[in-house]
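Each remark here refers to the structure printed beneath this line.
Number of protein chains: 2
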Amino acid sequence: VLEGAQGAALAGLAERVRELTEAVVRTAAAEEEIEAVSAQLASLTERLSAARRENTRLVRIDPGGVPHVLGSPVTGAANPIAPPVEMYAEADGTIRGEFTLSAVYEGPPSYVHGGISALVLDHLLGMAAAVGGMPGMTATLELRYRRPTPLGVPLTAEGRLTRSEGRRTWADGRILDPDGRTTVEATAMFVTPRT
Amino acid sequence: VLEGAQGAALAGLAERVRELTEAVVRTAAAEEEIEAVSAQLASLTERLSAARRENTRLVRIDPGGVPHVLGSPVTGAANPIAPPVEMYAEADGTIRGEFTLSAVYEGPPSYVHGGISALVLDHLLGMAAAVGGMPGMTATLELRYRRPTPLGVPLTAEGRLTRSEGRRTWADGRILDPDGRTTVEATAMFVTPRT
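As structure tokens, this is what we get:
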């Protein structure tokens, strides 16, 4: 579990890398400039690598009891590839997510890559199963793409546990565009490991 | 379409950002050091942003005729969040992918996030449809997780177009671990836009 100040520093660092990543996919800098920046990045990587954790699972528990893995590629404030999606649990167990995706996540021109929508929904439905007391591994995931998901605008997602049977749990969810239209629907089945 | 030297410079830059990203999720550097590195990153981002392209779709056509979007979040050599997955088409239209995923892509401890497997397979099956002459948007994607996909080892993926009906095309694929065992299977349906 991470302390506040160190967590904030790591989250700030990851946010700088997100901005850098977006600059990389859009830069029209000259070749020499790109090479100069590359060399400086290598030396910053070396500085960060001077002290390394083997464990990448820094966890912060939020007031609602939801565990956040800070290194998660979906919700992790400390993982530069995570948008990150802000996820929280409502009192009835519904999980809500809020996020905006830059050109870094582009599939078809100006739209979110379909696999990125799958990534967000897999994570959100997994959290719905976990918050419902049935944490598990994804066994099946079905996605139905209803319309393109736009880049650069505030998106929401929601999901909930629908039923459990023994160690198997089903959850449903979707992504919505800023007009409240469903862009992608998902159903997942999770299997809770025997402990 | 990108020229060789500029493409190589951008790919090198993205690779430096990938190494940086991995260092971020593992660093145990002191808070002051993290803040110093963050400040330097902000100034490098500013240098890259001095000249920007509005178009993020730099495309390279490989000898087999497969278009590679260099900014793709899956296969793009110039996109720092892409592993990147190396994908190529065989003579019979089968698409093969080769990749290794670092802790940046972690879901369950020491395994690949299920949504990252979905991202790779969505892209690979989309390429199978495109190479088969039916490029389209994903309409449905079904994933069956057979066993956990390990981090840090060479993975392969394969997929092929199975049938077409009007503007609809189906494709099947899977991810294999280094022992050749299937970890995730996928079936997708794509719809080719009317032009």
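These protein sequences, in sequence, are chains X and E. Under the working numbering, the residue at position 119 of the first sequence is numbered 119, and the numbers go up by one with no gaps. Under the working numbering, the residue at position 83 of the second sequence is numbered 83, and the numbers go up by one with no gaps. For every residue, glycine included, the Cβ atom is placed at its ideal position computed from N, Cα and C.
Scanning R167(X), L41(X), G12(X) and G159(X) for the CA closest to the CA of A77(X) turns up G12(X). Cα atoms of V191(E) and P135(E): separation of roughly 8 Å, rounded to the nearest angstrom. Counting along the chain, the unbroken alpha helix (DSSP H) around V131(X) starts and ends at G114 to V131. Residue environment for T21(E): buried (at least 16 other C-beta atoms within 10 angstroms of its C-beta). For E31(E), the closest alpha carbon among the candidates E19(X), P83(X), A139(X) and Q6(X) is that of Q6(X). Exclusion of the five residues before and after L10(E) leaves L2, L58, L70, A77 and A78 as the residues of its chain whose Cβ lies within less than 8 Å of its Cβ. Your pair G152(E) and T100(E) checks out as a contact, with CB atoms roughly 7 Å apart and the cut at 8 Å. Two segments are said to touch when three or more pairs of C-beta atoms, one from each, lie closer than 8 Å; by this definition the segment 125-142 of chain X touches the segment 161-180 of chain X. C-alpha of S49(E) to C-alpha of T156(X): approximately 29 Å in a straight line. Setting aside the 5 residues that flank it on each side, R181(E) is surrounded in the same chain by R147, each with a C-beta closer than 7 Å to its C-beta; the list follows chain order.
Counting only Cβ-Cβ distances below 8 Å, A29(X) has contacts in chain E at R47, L48, A50 and A51, in chain order. Taking the CA atoms as reference points, T94(E) sits about 43 Å from A42(E). Only buried fits T187(E), as 16 or more other CB atoms lie within 10 angstroms of its CB.
Within the same chain, and ignoring the five residues on either side of L125(X) in sequence, the residues whose Cβ sits closer than 7 Å to its Cβ are G159, A171, G173, A186 and A188.
By the neighbour-count definition (other C-beta atoms within 10 Å, threshold 16), A128(E) is a buried residue. A straight-line Cα-Cα distance of about 21 Å links L143(X) and E86(X).
At a cut-off of 8 Å between beta carbons, R167(E) makes no contact with chain X.
Under the three-state reduction of DSSP output, V69(E) falls in the strand class. Taking all protein chains in view, the Cβ of R194(X) is surrounded by fewer than 16 other Cβ atoms within 10 Å, so the residue is classified as exposed.
In the DSSP assignment, D172(E) is bridged to R160(E) and T187(E).
Cβ-Cβ separation between V131(X) and V25(X): approximately 34 Å, too far for a contact (criterion under 8 Å).
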